[in-house]
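Our numbering puts the first residue of the sequence shown at 1, with every later residue one more than the last.
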Amino acid sequence: MSTPGTGTAGTGIRLHANAPGWALDADVVVVGSGVAGLTAALRCAAAGRRTVVVTKARLDDGSTRWAQGGIAAALGEGDTPEQHLDDTLVAGAGLCDEAAVRLLVTEGPDAVRRLMATGAVFDTSAETGEIELTREGGHHRHRIAHAGGDATGAEISRALVEAVQRAGIRTVENALVLDLLQDAEGRTAGVTLHVMGEGQHDGVGAVHAPAVILATGGMGQVFSATTNPSVSTGDGVALALRAGAEVSDLEFVQFHPTVLFLGPDAEGQQPLVSEAVRGEGAYLVDADGVRFMQGQHELAELAPRDIVAKGIMRRMQEQGAQHMYLDARHFGARMWEQRFPTILAACRSHGIDPVTEPIPVAPAAHYASGGVRTDLHGRTTVPGLYACGEVACTGVHGANRLASNSLLEGLVFAERIAADIAGAAPAGSGPGIPVPASGPLQPAEARYEVQRIMTDGAGVLRSAESLRTAAAALEELYATALTALETDGKTAVPGVETWEATNLLCVARVLVAAALRREETRGCHWREDHPDRDDAAWRRHLVVRLSATERRALVVTPTDSAGFPSVQHPLSQEQSS
Numbered sequence: 001m002s003t004p005g006t007g008t009a010g011t012g013i014r015l016h017a018n019a020p021g022w023a024l025d026a027d028v029v030v031v032g033s034g035v036a037g038l039t040a041a042l043r044c045a046a047a048g049r050r051t052v053v054v055t056k057a058r059l060d061d062g063s064t065r066w067a068q069g070g071i072a073a074a075l076g077e078g079d080t081p082e083q084h085l086d087d088t089l090v091a092g093a094g095l096c097d098e099a100a101v102r103l104l105v106t107e108g109p110d111a112v113r114r115l116m117a118t119g120a121v122f123d124t125s126a127e128t129g130e131i132e133l134t135r136e137g138g139h140h141r142h143r144i145a146h147a148g149g150d151a152t153g154a155e156i157s158r159a160l161v162e163a164v165q166r167a168g169i170r171t172v173e174n175a176l177v178l179d180l181l182q183d184a185e186g187r188t189a190g191v192t193l194h195v196m197g198e199g200q201h202d203g204v205g206a207v208h209a210p211a212v213i214l215a216t217g218g219m220g221q222v223f224s225a226t227t228n229p230s231v232s233t234g235d236g237v238a239l240a241l242r243a244g245a246e247v248s249d250l251e252f253v254q255f256h257p258t259v260l261f262l263g264p265d266a267e268g269q270q271p272l273v274s275e276a277v278r279g280e281g282a283y284l285v286d287a288d289g290v291r292f293m294q295g296q297h298e299l300a301e302l303a304p305r306d307i308v309a310k311g312i313m314r315r316m317q318e319q320g321a322q323h324m325y326l327d328a329r330h331f332g333a334r335m336w337e338q339r340f341p342t343i344l345a346a347c348r349s350h351g352i353d354p355v356t357e358p359i360p361v362a363p364a365a366h367y368a369s370g371g372v373r374t375d376l377h378g379r380t381t382v383p384g385l386y387a388c389g390e391v392a393c394t395g396v397h398g399a400n401r402l403a404s405n406s407l408l409e410g411l412v413f414a415e416r417i418a419a420d421i422a423g424a425a426p427a428g429s430g431p432g433i434p435v436p437a438s439g440p441l442q443p444a445e446a447r448y449e450v451q452r453i454m455t456d457g458a459g460v461l462r463s464a465e466s467l468r469t470a471a472a473a474l475e476e477l478y479a480t481a482l483t484a485l486e487t488d489g490k491t492a493v494p495g496v497e498t499w500e501a502t503n504l505l506c507v508a509r510v511l512v513a514a515a516l517r518r519e520e521t522r523g524c525h526w527r528e529d530h531p532d533r534d535d536a537a538w539r540r541h542l543v544v545r546l547s548a549t550e551r552r553a554l555v556v557t558p559t560d561s562a563g564f565p566s567v568q569h570p571l572s573q574e575q576s577s
């Protein structure tokens, strides 16, 4: 067993797929086209690196465009990075890497200004012309910049996509990344990918590059109900694990407190009701109109998301209810139409008018605070492999992400990755060595079984019993497919649906293993059988990797403290923790 931070060789596990039938050459390949991926691509291209962007759908179809609330930065009068740092550390429940947070909040304001220079237009005050800032849960200051009222992500995505197109950066759309290519020394040599239907190429191909930036977003589709788009199937985390990288903090899945409740059997992407609605003064109430968050936290409805989600779940349990309500009738029609047009339209499309009635809401899977472990330059434990955005674990979020820090994290760390790549001599790597596939593919229908298992056993409320049941069910799915492969040489037919199901099972197994190991309640990890936070035993991270010798084994290693061990990376002389 290696200790965290020492790096590991590849596992030898690869997805079953045809051999690449075409190839591109580049200096950098960016996988993903949200705020993190496109920012990294723009900065790498500006530094003279041949850059290719690979994205699973269209350039603007990732998670970024669904972000409603905004981007947090100390831009307002009287606000400071130090105050932003304090709010972030409190939300992270003792597991934030303070160096990473300090970097985020100090570099964040200028990064937002550079985003504006790229073309992003934020809402401004009609009186002063200054950026209009609002407030969200966990923030003690108004520091959330927004665009189009509640369409911030869409505006950021628009600006970055147009900038990428103006820059002439090569893009491959409708492409599912499969696996990392590595040379004989284990260094990154590019990726294999499959282009679906409408792409520029047909079938499986490869992009050869000595630097790969994972910006693939989240894994919300591992649960039945989520705010994430259908493409968020944990592909980047699964790829990194198969390549030998370490992941951390995957047990900390943030469930957004206020997602439009569409019924107990609703599945897939659910409409988000942004925290900014509460930031503007909406109340959480039960069926009797009682504001149940008052007295539970000094910020009431604007407490950090884990506290609000728990408050809603407790009230639901007490009353045997399936949802609570968000009451913003006092906003009036004009405010709803001008400040929250997207949410208003979504509610009305489902027969709910927030102008005249409370909105039924319940928590749903929203954001992965953990991911592929990186240092302060976005470098992973695999040489040449970087990660930023939701797929990464930089240490910024700790046990619970502070509202609207996600867009900022993607922006800041994408710039740092590009600077790291640009600051080194153009790296060379040997050719990628084909590795025979050795892990089984899951049938397409396994996706829904994984979602059911995870929703029942590893959702907002967890216990040793629920997690053991989930772990056993996930292991049975894996073992059944592995036995069929090893006994009869049979596996599911390679294709987008089976690759996604296999990736979902991979990240689900890691999440459950970490959640079962962490015997406490901290941040957005809530153990009913261990209801208290235990700093003495658990103010530390869990680092997980796939075993290089036993394909079914997950190696879970606790760190010695709340700090991350350093990442050793040969592409730069500097080492960061």
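In this text, a Cβ means the ideal position worked out from N, Cα and C, and glycines have one as well. Please read all numbers here as calculations on a predicted model, not as lab measurements.
Query, Result
"Host beta strand (DSSP E) of Ile312 (start-end)", "Careful: Ile312 lies outside any beta strand (DSSP E), inside the alpha helix (DSSP H) at Arg305 to Gln319."
"Rounded separation between Val510 and Leu542 - CA only", "10 angstroms"
"Cα-Cα separation between Asp150 and Gly432, rounded to whole angstroms", "44 angstroms"
"Beta-carbon spacing of Gly583, Thr134 below 8 angstroms", "Here the chain covers residues 1 to 577 and nothing more, so residue 583 does not appear."
"Where Gly203 sits in the DSSP three-state scheme", "strand"
"Asp25 - partner residues in DSSP beta bridges", "His208"
"Whole runs of the beta strand (DSSP E) within the stretch 528-553, excluding any shorter than 3 residues", "542-546"
"Cys506 (DSSP reduced to helix, strand or coil)", "helix"
"Reduced DSSP secondary structure (H/G/I, E/B, other) of Ser577", "Note that Ser577 scores a pLDDT of 40, beneath 50, so its modelled location is shaky and nothing firm can be said."
"Three-state class that DSSP yields for Ser63 in the structure shown", "coil"
"Ala346 classed as buried or exposed, judged by whether at least 16 other C-beta atoms fall within 10 angstroms", "buried"
"Three-state secondary structure (DSSP) of Pro257", "strand"
"N- and C-terminal bounds of the beta strand (DSSP E) containing Gly371", "Gly371 to Arg373"
"Alpha-carbon to alpha-carbon, Ala300 and Ala293", "At residue 293 the sequence reads Met, which differs from the Ala that was named. Straight-line Cα distance between these residues: approximately 5 angstroms."
"Per-residue DSSP class, three states only, for Thr118", "helix"
"Sequence-distant residues of its chain with Cβ nearer than 6 angstroms to Thr11 (five each side left out)", "Arg242, Gly244, Leu546 and Ala548"
"Below-8 angstroms beta-carbon distance, Arg49 vs any chain C residue", "Looking at the structure shown, chain C is missing, and only one protein chain is on hand."
"Which of helix, strand or coil DSSP assigns to Pro565", "coil"
"Beta-carbon separation (whole angstroms), Thr55 vs Thr171, contact threshold 8 angstroms", "7 angstroms"
"Ile359 beta carbon less than 8 angstroms from that of Leu260", "yes"
"CA nearest to the CA of Arg50, picked from Val161, Arg14 and Ala209", "Ala209"
"Start and end residues, beta strand (DSSP E) containing Gln182", "Ala175 to Gln182"
"Where Asp249 falls: helix, strand or coil (DSSP)", "coil"
"Segment contact, 8 angstroms Cβ cut-off, at least three pairs: the stretch 161-170 with the stretch 34-45", "yes"
"Span separating the alpha-carbon of Gly384 from that of Gly371", "17 angstroms"
"Any non-hydrogen atom of the ligand ZN closer than 7 angstroms to Arg315 Cβ", "In terms of ligand content, the structure shown is empty, and the ligand ZN therefore cannot be addressed."
"Cross-strand partners of Thr188 (DSSP beta bridge)", "Gln182"
"Span separating the alpha-carbon of Leu85 from that of Ala73", "10 angstroms"
"Terminal residues of the alpha helix (DSSP H) in which Ala364 lies", "From DSSP, Ala364 is part of no alpha helix (DSSP H) but of the beta strand (DSSP E) over Ile359 to Ala368."
"Cβ-based burial, Thr39 [other Cβ within 10 Å; buried from 16]", "buried"
"Segment contact, 8 angstroms Cβ cut-off, at least three pairs: the stretch 94-113 with the stretch 57-65", "no"
"4-residue-minimum alpha helix (DSSP H) runs that sit fully inside the stretch 382-448, ordered along the chain", "405-423"
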